[in-house]
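Chemist:
Residue numbers (our numbering): 733 to 1096.
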């Protein structure tokens, strides 16, 4: 709750969880302690995913799911498998993520053993993670999963409202705005405004972190509109950025802001945003964060090719180094080797090429 409200950072939350686990391990045979340790593991997996460390998130989620089934804790099992779906999606294993998510949905509908309100919550979680993760990302890559993704996200929001769960209402509203930003950026501002209205109806402590996500979604919407049509909304100069403690949310927002300012001819502001984004991402240790940093450097090279050719060359070299080291990271059209090829072609053609731009199918 304190992370949602912005009162506690993820680092502080991790420290508290470690202390909590130490206290619980004093009586490992107690059912209450066993459940507490399992909850802590599920939360650690969620934190790892949020920090861009899907490898750790996946490992923790698998461990948690196994223990939850063993101890017959169905709602914790649903949370653990949902975490695994997020991890698989961030690793680019979209088919496996979709299969895992669909199995979870079927299990919740057919085999969930718990009170009715817990079953509704379980279905809310399953719908949200399947719609907002593999189905949405596959739609971004050209698969026919977009309508189903939106349907699942809408169901998740319906269940959250039925249960009056403010945190989940906020999260699901933002996920629907993200769907529009990724798949229909030309007219997604209405979806962003609708999500803002929903957040304004919820308690501030529940809406805080979702509001930071939504700020990033708005910048992403404008960035994708730029990639597709080459147009920029001048209102971007008035838009807020996610707050300083949001890590990759702020970093990716600066990636989008840099591209948009460059398109408007504001070279100094663009370079400042690109540099800020890369610095934030370099401070992280996970491969995904390094990979995203490479996409920022590549966008900087592309955006600044004519405005600042010398700096663009430096960014291009930096991007190539990142993707060379992570050539096998991700899969399909977002695999590192694809980015490496696109970067090399961009460099060779002096910041303009004819290959499909991988930024178009990458959700960050």
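Don't be surprised by glycine CBs; every beta carbon is placed ideally from N, CA and C.
Cα separation between residue 869 and residue 908?
Modeler: Roughly 13 angstroms separates the two Cα atoms.
Chemist: Spatial neighbours of residue 1024 within its chain, please: C-beta separation below 6 angstroms, excluding the five flanking residues on both sides.
Modeler: Excluding positions up to five away in sequence, the list reads 1013 and 1096.
Chemist: Roughly how many angstroms separate the alpha carbons of residue 987 and residue 792, rounded to a whole number?
Modeler: Computed Cα separation, rounded: 30 angstroms.
Chemist: Which residue's Cα is closest to the Cα of residue 971: 912, 840 and 943?
Modeler: The option with the nearest alpha carbon to residue 971 is 943.
Chemist: Rounded to whole angstroms, what's the CA-CA distance from residue 965 to residue 896? Just pull it up for me.
Modeler: Their Cα atoms are separated by approximately 36 angstroms.
Chemist: Could you say if the segment 769-783 and the segment 794-805 meet the contact criterion of at least three C-beta pairs nearer than 8 angstroms?
Modeler: Flag = yes, the segment 769-783 and the segment 794-805 touch.
Chemist: Within the chosen definition, does the segment 1002-1019 reach the segment 974-993 through at least 3 CB pairs nearer than 8 angstroms?
Modeler: Touching, per the Cβ criterion.
Chemist: To the nearest angstrom, report how far apart residue 975 and residue 983 are at their CA atoms.
Modeler: One C-alpha to the other measures close to 10 angstroms.
Chemist: With distances taken between CB atoms, is the gap from residue 947 to residue 973 smaller than 9 angstroms?
Modeler: Yes, these two residues count as a Cβ contact at 9 angstroms.
Chemist: Would DSSP call residue 735 helix, strand or coil?
Modeler: Residue placement at residue 735 is flagged as unreliable, the pLDDT there being 41, under the threshold of 50; a coordinate-derived value is accordingly withheld.
Chemist: Residue 1088 and residue 1061: beta carbons closer than 9 angstroms?
Modeler: Contact flag unset, no.
Chemist: State the DSSP-derived secondary structure class of residue 1001, mapped to helix, strand or coil.
Modeler: Correct three-state label for residue 1001: helix.
Chemist: Could you tell me the boundaries of the alpha helix (DSSP H) in which residue 1050 lies?
Modeler: Counting along the chain, the alpha helix (DSSP H) containing residue 1050 begins and ends at 1041-1057.
Chemist: So what does DSSP say about residue 912, is it helix, strand or coil?
Modeler: Three-state DSSP puts residue 912 in a helix.
Chemist: From this set, 787, 786, 782 and 803, which residue's C-alpha is nearest residue 687's C-alpha?
Modeler: Residue 687 lies beyond the residue range present for the chain, which begins at 733 and ends at 1096; the question has no answer from this structure.
Chemist: Please report the residue range of the alpha helix (DSSP H) in which residue 890 lies.
Modeler: Unbroken alpha helix (DSSP H) run through residue 890: 878-895.
Chemist: Going by DSSP in three states, residue 810 sits in which element: helix, strand or coil?
Modeler: Here residue 810 sits in helix by DSSP.
Chemist: How is residue 1064 classed by DSSP in three states: helix, strand or coil?
Modeler: Note: residue 1064 maps to helix in three-state DSSP.
Chemist: Helix, strand or coil, according to DSSP, for residue 740 in the structure here?
Modeler: Only weak support is given to the placement of residue 740: the predicted model assigns it a pLDDT of 47, under 50, and the value that follows is read from those uncertain coordinates. Note: residue 740 maps to coil in three-state DSSP.
Chemist: Going by DSSP in three states, residue 996 sits in which element: helix, strand or coil?
Modeler: Residue 996 falls in the coil class under three-state DSSP.
Chemist: What are the complete alpha helix (DSSP H) segments, minimum 4 residues, inside the segment 774-829?
Modeler: As far as the segment 774-829 is concerned, its whole alpha helix (DSSP H) runs of at least 4 residues are 786-802 and 806-822.
Chemist: Give the DSSP-derived three-state secondary structure of residue 973 in the structure shown.
Modeler: Of the three classes helix, strand and coil, the one that applies to residue 973 here is coil, per DSSP.
Chemist: Since residue 834 and residue 862 are thought to touch, with beta carbons under 8 angstroms apart, how far apart are those beta carbons, to the nearest angstrom?
Modeler: 7 angstroms between Cβ atoms; contact.
Chemist: What separation, rounded to the nearest whole angstrom, lies between the Cα atoms of residue 818 and residue 846?
Modeler: So the alpha carbons of these two residues sit roughly 24 angstroms apart.
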